[in-house]
Amino acid sequence: METIFIVLLVLLLLVSVITLGVALKVMGAKNNTDWMAMKYKMENVMTEIARIEAAVKQEMVTNRQETGDNTQRIRAELAASLKNFGELITQTMSSASTVQKDSFHALLNKQSEQNNAIAFRLDQMRETLEKKMAEMQTGNERKLDEMRATVDEKLQKTLEARLGESFKLVSERLEAVHKGLGDMQQLATGVGDLKRVLTNVKSRGVLGEYQLESILEQILTIDQYGRNVKTKEGSNALVEFAIKLPGRGDKDKVVWLPVDSKFPKEDFEALMDAYDQAIPDLVEEIRKNFIKGIRKCALDISSKYIDPPNTTDFAILFLPFESLYAEVLRTPGLFESIQREYKIIITGPTTLSALLNSLQMGFRTLAIEKRSGEVWQLLGAVKTEFGNFGGILEKTQKKLQEASNVIEQAGVRSRAIEKKLRAVQELPKDDAVALLGKQNPLNLEQGDEGEEG
Numbered sequence: 002m003e004t005i006f007i008v009l010l011v012l013l014l015l016v017s018v019i020t021l022g023v024a025l026k027v028m029g030a031k032n033n034t035d036w037m038a039m040k041y042k043m044e045n046v047m048t049e050i051a052r053i054e055a056a057v058k059q060e061m062v063t064n065r066q067e068t069g070d071n072t073q074r075i076r077a078e079l080a081a082s083l084k085n086f087g088e089l090i091t092q093t094m095s096s097a098s099t100v101q102k103d104s105f106h107a108l109l110n111k112q113s114e115q116n117n118a119i120a121f122r123l124d125q126m127r128e129t130l131e132k133k134m135a136e137m138q139t140g141n142e143r144k145l146d147e148m149r150a151t152v153d154e155k156l157q158k159t160l161e162a163r164l165g166e167s168f169k170l171v172s173e174r175l176e177a178v179h180k181g182l183g184d185m186q187q188l189a190t191g192v193g194d195l196k197r198v199l200t201n202v203k204s205r206g207v208l209g210e211y212q213l214e215s216i217l218e219q220i221l222t223i224d225q226y227g228r229n230v231k232t233k234e235g236s237n238a239l240v241e242f243a244i245k246l247p248g249r250g251d252k253d254k255v256v257w258l259p260v261d262s263k264f265p266k267e268d269f270e271a272l273m274d275a276y277d278q279a280i281p282d283l284v285e286e287i288r289k290n291f292i293k294g295i296r297k298c299a300l301d302i303s304s305k306y307i308d309p310p311n312t313t314d315f316a317i318l319f320l321p322f323e324s325l326y327a328e329v330l331r332t333p334g335l336f337e338s339i340q341r342e343y344k345i346i347i348t349g350p351t352t353l354s355a356l357l358n359s360l361q362m363g364f365r366t367l368a369i370e371k372r373s374g375e376v377w378q379l380l381g382a383v384k385t386e387f388g389n390f391g392g393i394l395e396k397t398q399k400k401l402q403e404a405s406n407v408i409e410q411a412g413v414r415s416r417a418i419e420k421k422l423r424a425v426q427e428l429p430k431d432d433a434v435a436l437l438g439k440q441n442p443l444n445l446e447q448g449d450e451g452e453e454g
């Protein structure tokens, strides 16, 4: 750093000299005397620069010596400080190690004591648990033996009963199977008869009518529907069945819901055969005939039996087989168009049962509404009788309390008499009987002898 400072100082002086020389050349020297004077000054400047340089060098040497001395002294002090610090750290660590070792030994001793105490407690707990477990095991084994004996006994009885029932059931089933085998020929004959029935138009109608009547009998009561009812004024057409609905204004007036069964067997069987052949054109052609048949049935019911307000503004077309009803639903728009154009609801056995159940719930609601006044009167009478019954109970309770008080007083008197008779010497039984026989009408032995006599 000092060398750089000296170099900069010399450069500054050189720049000053050069600048002075250039200025003299520019201005021009008036005479040689001025130039000589200037030269003399420059030499003095150079001499001064040399002197300054020597002084600076001497100063730098002095500074280097002082810096070296200071550095050596600082190193010595630093080494001494580091040595003292190291000794202090060593001493501190030794003390801390001693304290930590003592604490660790104390902790180990305490931990050992705790471990011993825990081990002792665990031994006690283990002994207690083993004892309890042994007792529980003994008790459980005893109870299991009792339960096993009970279960075996009940199981034996149950098995005997079940086996007896099973053998009886098997015997009955075998007898039924034997009887059924004997009836197979009759069944085959019945199937042939059924086929002949289904090929006859009137017989098919009777079959659908029987099935419809069976559903109505299972769900509705006999007074909730009619058979062969004339629902349309001015017409002699009789609908197979009609459900009785209450009138809106007059509750005694009956509004009929016509229900008629139809079975277009030929069209349906032809459609099923076309499905089996898997010929789309044939299926579509026969489906059209099937749709025409269903529409014709709906038109027939609508024109013959619907007559508001004597009937509802719609009627029910019953199809006796679910497959036939499913085919109607499979045809797009057929169910909705018939309902919209002819006011006819097409049902199968399942849907008709659901519809009749809904109507039955409505009938029950109406019956409850009609009988609600009677129910309230009955509840009022029950309330009155219950109040009378409460009074009778209170009187009975009083009588029972009086009887209890009398019995309690008799007990008190009996104990008082016994207390007074403690000092009296008892007589032998025979003497007592001889003395009190005639005066003790409650003596059972005397009574028995009297009965024997």
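Numbered continuously in my numbering, the sequence shown closes out at residue 454.
We put the CB at the ideal spot given by N, CA and C, even for glycine.
- For Phe319, the uninterrupted beta strand (DSSP E) segment begins and ends at 316-319.
- Buried is the label assigned to Tyr306, since at least 16 other Cβ atoms lie within 10 Å of its Cβ.
- By the criterion of at least three beta-carbon pairs nearer than 8 Å, the segment 312-323 is in contact with the segment 262-269.
- Here Gln225 really is in contact with Lys245; their C-beta atoms are around 6 Å apart, less than 8 Å.
- Three or more pairs of CB atoms, one per stretch, sit closer than 8 Å, so the segment 288-298 contacts the segment 322-338.
- The beta carbon of Ala243 sits closer than 7 Å to those of Tyr226, Gly227, Val230, Thr232, Trp257, Leu258, Pro259, Val260, all from its chain and outside the five residues before and after it, given in chain order.
- It is roughly 37 Å from the alpha-carbon of Gln92 to the alpha-carbon of Glu67.
- DSSP assignment within the segment 274-326 yields the following whole beta strand (DSSP E) runs of 3 residues or more, N-terminal first: 316-319.
- Nearest neighbour of Tyr343 by Cα position, chosen from Thr312, Leu300, Gln402, Asn406, turns out to be Leu300.
- Here Asp103 is exposed. Its C-beta has fewer than 16 other C-beta atoms within 10 Å.
- Every beta strand (DSSP E) stretch that sits fully inside the segment 239-264 and reaches 3 residues is listed by chain position as 240-247, 255-262.
- By the 16-neighbour rule on beta-carbons within 10 angstroms, Arg365 is exposed.
- DSSP places Ile339 inside the alpha helix (DSSP H), whose first and last residues are 335-343.
- DSSP lists no bridge partner for Tyr211.
- C-alpha of Glu176 to C-alpha of Lys169: approximately 10 Å in a straight line.
- If you draw a straight line from the Cα of Gln278 to the Cα of Thr348, it is about 28 Å long.
- The beta carbon of Asp308 sits closer than 7 Å to those of Thr232, Lys233, Glu234, all from its chain and outside the five residues before and after it, given in chain order.
- Pairing Gln212 with Arg163, the inter-Cα distance amounts to about 39 Å.
- Per DSSP, the beta-bridge partners of Val230 are Val240.
- Here Thr222 carries a coil assignment [DSSP, helix/strand/coil].
- Here Thr348 carries a strand assignment [DSSP, helix/strand/coil].
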